[in-house]
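Residues in the sequence shown are numbered consecutively from 13, following our numbering. A virtual CB, placed ideally from N, CA and C, is assigned to each residue, including glycine. Note that the structure is predicted; figures quoted are calculated from it, not measured.
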Amino acid sequence: MERWLGPHGERLFALFRLVAGILFACHGAQKLFGAFGGQKMTSNPMMLAAGIIEFGGGLLVAVGLLTTIAAFICSGQMAVAYFMAHAKGGFWPIVNKGELAVLYCFVFLYIAAHGGGPYSLDAALRRKR
């Protein structure tokens with residue numbers, strides 16, 4: 013498999029970054045705009061901040077702009093969300109319903125460490141200089 017997929021690693025990473033960012037932005041759109049069957053939560057300052065980070069950070073990660081910073085902030089927000097909302101429900105994320113928060117936390121931590129990659133706006137702006 014590595015022989016076949018290996019040459020496409022950066023393209024697959026770009027797709028991974030795009031999908032993760034868009035899905036995360038959808039969570040923010042729920043909180044900010046009540047989109048996708050969600051409930052608008054802008055009256056709660058913590059949920060407003062979460063919505064802004066999720067929507068804005070998700071879009072930045074998706075297009076690969078300020079990727080490292082945006083992904084790191086998104087990762088941190090998911091760690092905070094896990095410990096504030098889920099951890100009190102038990103040790104195991106599958107039990108306390110925090111597995112998505114944990115997964116997003118580590119997905120964005122990986123993206124922050126990797127950077128945007130060659131198929132990102134960050135790379136396009138570097139090439140332009």
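**Item:** DSSP state of Lys-140 mapped onto helix, strand, coil
**Value:** helix
**Cβ shell of Val-114 (< 7 angstroms), same chain only, five flanking positions each side left out** = Tyr-94 and Pro-105
**Message:** Can you tell me whether Ser-87 is helix, strand or coil according to DSSP?
**Reply:** helix
**Beta-carbon spacing of Lys-100, Phe-67 below 9 angstroms** = no
**Request:** Identify whether Tyr-131 lies in helix, strand or coil by the three-state DSSP scheme.
**Result:** coil
**Request:** Quick one: residues in its chain with C-beta nearer than 6 angstroms to the C-beta of Pro-130, no 5 flanking neighbours on either side, listed in chain order?
**Result:** Glu-22
**Asked** Can you tell which of Val-31, Cys-38, Phe-118 and Arg-139 has its C-alpha closest to the C-alpha of Ala-62?
**Response** Cys-38
**Asked** On the three-state DSSP scale, how would you describe Phe-103?
**Response** coil
**Message:** Please state the DSSP three-state secondary structure of Met-53.
**Reply:** coil
**Request:** Give every residue of the same chain whose Cβ lies closer than 6 angstroms to the Cβ of Gly-110, excluding the five residues on either side of it in the sequence, and list them in chain order.
**Result:** Tyr-94 and His-98
**Asked** Quick one: what does DSSP say Gly-76 is sitting in, helix, strand or coil?
**Response** coil
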